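Single-structure report; data block below.
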Amino acid sequence: MSSWLALRKRMRLDIAKAFSARSGADSQDFLRIFYDPLTPPLIGDFDSQYISDEAVLQEILSALSEATGLKLSLVRSYFSRTETFAQFGEHLLRAGAYSKEKK
Amino acid sequence: MRLLAVVISLLVASSVACRAQITAEGAFFYDRGHYWIELAFRDAAGRDTIPPDLAVRRFEIRKPGELSGSFAPSKVEVVSRDKGGPVVILASGRLEGRSCYLVKYTPPDAAPVVVDSICDPFFTPPRKGECGARTFFRNYVAPAFQKEGDAYNLNQLKYEYDFSDDKSATSVALEPRFKIGGLDVEPLFEQSRVVYRLEHAGKTPTEKRSFGISAAASGWVAALRLGLAMSYRDDRLALGLAAGDSVVPTEALAVEGRVRFDNLFDRANRYCVSVFKGVDVVVGQAWYRTGEYRPAPSRGDEFPNYTPRWNRRAPYVNLRGTWTFLYGFQLSYSLQTFWPSVLANGPTSFQSVRFRLLLRDVLPAQEGRAYHPDVELAYDTGKRLPLFEKEEKISIGFTFGLYPW
């Protein structure tokens, strides 16, 4: 079992990787603008600017599903445009992200 | 002389090394039904380290910006992880969700280490320029109905149906909670309709309207949360009798002290499938009066037959507790014992058992979880203020929590 600090850092990078790779946003810019601020913008703000259609969103969530070991339907169920990326990541961690990995 | 200088310089160097600043970072997280703080310490070289003295008294937790209200954790534990270095876990029943905390650790021989802004990711600082309606909803409406806090006192909007043979009952209750100036203020509105099916009198409908308000102040003293509450409740029971309608008004005023023991269950709450919370003892005194208005047959005026003074008293004790198990089930129990001044039969009691099915994890859609209804099965039996009539009720209700966590 990893520490919660380590899990959060890993989730932060996985979310940045998944969302930036398929949306054209730079990974570092994504973290600086959408993830790390004390009052970050909502996912909906990113969605409206960078995610072109539902198929792209599906790819992003599939990549996150693969990275976290959670079912795609579960990842999708926690995706809410009215929350922040950090909150989305926290939902996934509480749902057991990375817990199925071999120790 | 030179040897003495070398020894002194070595002592100074070791002292500086000993006082070398360690640093720490922290995370606030939710696991096994509780909130925790995780701290990772690093030495001057950036290596993971665990300070030698981790006594509880060396830690101080408080909310940033609040100079008072600091508390020590109830337990400090070093946990080794498979990945990453060892970390320190702070446990306390006083940690609240959607909050930020500052943790100060004072080593025995070094400067204090302060880690501020250890925040729940669901903490939302006020946004500038936000529209007033949204701010009002987030600051007042949503917290009034969220499920955190007193688990046995459901902030509820519910519908009940009574399944008993001799009567049918429906009721709607609204019981939000607001924080105003350090007080927890809870207004109560309840409307119920009970139709009794009596063999000799046929159907007898009754309408009951209740209004109440309570204000409570509470604070921590060591590991216990102490509270003082005042409440007022006004009930109007309208009886539809064959001989003419009548109204039975009752009023009750109560003052009570509360001692909450949640913090003492921290050790037991370390098991993910079993969490105890909302365990407390309440001791109070109620003053109440009751009477009857019956309209005169000819003129329609009301002749009050009303007890004029608050001359009835009822000291009472209430034991309450809530147990959440297997993640999705919650069992609450409350036992109230009254010693009313007007009953000659001695003390009387009222028991309430509530079983809740927490649906947040089984609802598929995010929207469904955020406004999820929990199903609640309740069984109430006994006699209670203000009428001390025999009650026995099984009901199913739906309660709403606005937050998924």
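Residue numbers (our numbering), protein chains in the order written: chain A, 471 to 573; chain U, 10 to 414. Ideal Cβ positions, reconstructed from N, Cα and C, are used throughout, including at glycine. These numbers come from a predicted model, not from an experiment.
C-beta atoms of residue i and residue j nearer than 9 Å
| i | j | result |
| --- | --- | --- |
| residue 424(U) | residue 350(U) | Summary: the structure shown does not reach residue 424(U), with chain U confined to residues 10 through 414, and so no result is reported for it. |
| residue 568(A) | residue 480(A) | yes |
| residue 199(U) | residue 237(U) | no |
| residue 123(U) | residue 112(U) | yes |
| residue 79(U) | residue 69(U) | yes |
| residue 6(U) | residue 203(U) | Chain U is shown from 10 up to 414; residue 6(U) falls before or after that span and cannot be answered. |
| residue 326(U) | residue 362(U) | no |
| residue 402(U) | residue 389(U) | yes |
| residue 214(U) | residue 249(U) | yes |
| residue 267(U) | residue 227(U) | yes |
| residue 51(U) | residue 473(A) | no |
| residue 31(U) | residue 119(U) | yes |
| residue 565(A) | residue 505(A) | no |
| residue 121(U) | residue 62(U) | no |
| residue 47(U) | residue 64(U) | no |
| residue 134(U) | residue 508(A) | yes |
| residue 516(A) | residue 549(A) | no |
| residue 110(U) | residue 73(U) | yes |
| residue 94(U) | residue 125(U) | no |
| residue 258(U) | residue 271(U) | no |
| residue 4(U) | residue 183(U) | Lying outside 10 to 414, the shown extent of chain U, residue 4(U) is not represented and no answer is given. |
| residue 296(U) | residue 247(U) | no |
| residue 366(U) | residue 337(U) | yes |
| residue 333(U) | residue 283(U) | yes |
Residues bridged to residue i (per DSSP)
| i | result |
| --- | --- |
| residue 40(U) | 43(U) |
| residue 557(A) | Partner(s): none; residue 557(A) has no beta bridge. |
| residue 541(A) | Residue 541(A) pairs with nothing; no bridge assigned. |
| residue 320(U) | Paired residue(s): none; residue 320(U) is not in a bridge. |
| residue 498(A) | Note: residue 498(A) sits in no beta bridge, so no partner. |
| residue 49(U) | 34(U) |
| residue 196(U) | 222(U) |
| residue 233(U) | 230(U) |
| residue 405(U) | 386(U) |
| residue 242(U) | 221(U), 261(U) |
| residue 327(U) | 291(U), 345(U) |
| residue 87(U) | 97(U) |
| residue 145(U) | Per DSSP, none; premise fails for residue 145(U). |
| residue 277(U) | Note: residue 277(U) sits in no beta bridge, so no partner. |
| residue 128(U) | 109(U) |
DSSP state of residue i mapped onto helix, strand, coil
| i | result |
| --- | --- |
| residue 479(A) | helix |
| residue 416(U) | Here chain U has residues from 10 to 414 only, and residue 416(U) is not among them. |
| residue 506(A) | coil |
| residue 271(U) | helix |
| residue 385(U) | strand |
| residue 514(A) | helix |
| residue 474(A) | helix |
| residue 65(U) | helix |
| residue 290(U) | strand |
| residue 107(U) | coil |
| residue 392(U) | coil |
| residue 487(A) | helix |
| residue 265(U) | strand |
| residue 534(A) | helix |
| residue 156(U) | Caution applies to residue 156(U), whose pLDDT of 46 falls short of 50 and renders its modelled position unreliable; the value that the coordinates give is listed next. Three-state result, residue 156(U): coil. |
| residue 75(U) | coil |
| residue 397(U) | coil |
| residue 81(U) | coil |
| residue 334(U) | strand |
| residue 562(A) | helix |
| residue 527(A) | helix |
| residue 120(U) | coil |
| residue 548(A) | helix |
| residue 374(U) | Note that residue 374(U) has pLDDT 48, beneath the 50 cutoff, so the model's placement of it is unreliable and the number below is only indicative. Note: residue 374(U) maps to coil in three-state DSSP. |
| residue 25(U) | Its pLDDT being 43, under 50, residue 25(U) is placed unreliably in this model, and the value from its coordinates should be taken loosely. Three-state DSSP puts residue 25(U) in a helix. |
| residue 205(U) | strand |
| residue 520(A) | helix |
| residue 357(U) | strand |
Partner residues on chain C for residue i, Cβ-Cβ distance less than 7 Å
| i | result |
| --- | --- |
| residue 556(A) | Of the chains in the structure shown, none is chain C; the protein chains are A and U. |
task: Using a Cβ-Cβ cut-off of less than 7 Å, give me the residues of the stretch 31-55 of chain U that come near chain A, in sequence order.
output: 34, 36, 38, 39, 47, 49
- prompt: Between the stretch 489-520 of chain A and chain U, which residues of the former have CB atoms less than 7 Å from a CB of the latter, in chain order?
  reply: 508, 509
Short-range partners of chain U found in the stretch 531-548 of chain A, where Cβ spacing is below 7 Å: 547, 548
message: Which residues of the stretch 252-265 of chain U have a Cβ closer than 9 Å to any Cβ of chain A? Give them in chain order.
response: none
- request: Can you give me, in chain order, the residues of the stretch 354-369 of chain U that have a beta carbon less than 9 Å from any beta carbon in chain A?
  value: none
field: chain U contacts from the stretch 557-570 of chain A (Cβ-Cβ distance under 7 Å)
entry: 557, 560, 564
query: For the stretch 472-483 of chain A, which residues have a CB atom closer than 8 Å to at least one CB atom of chain U, in sequence order?
result: 472, 473, 474, 475, 476, 478
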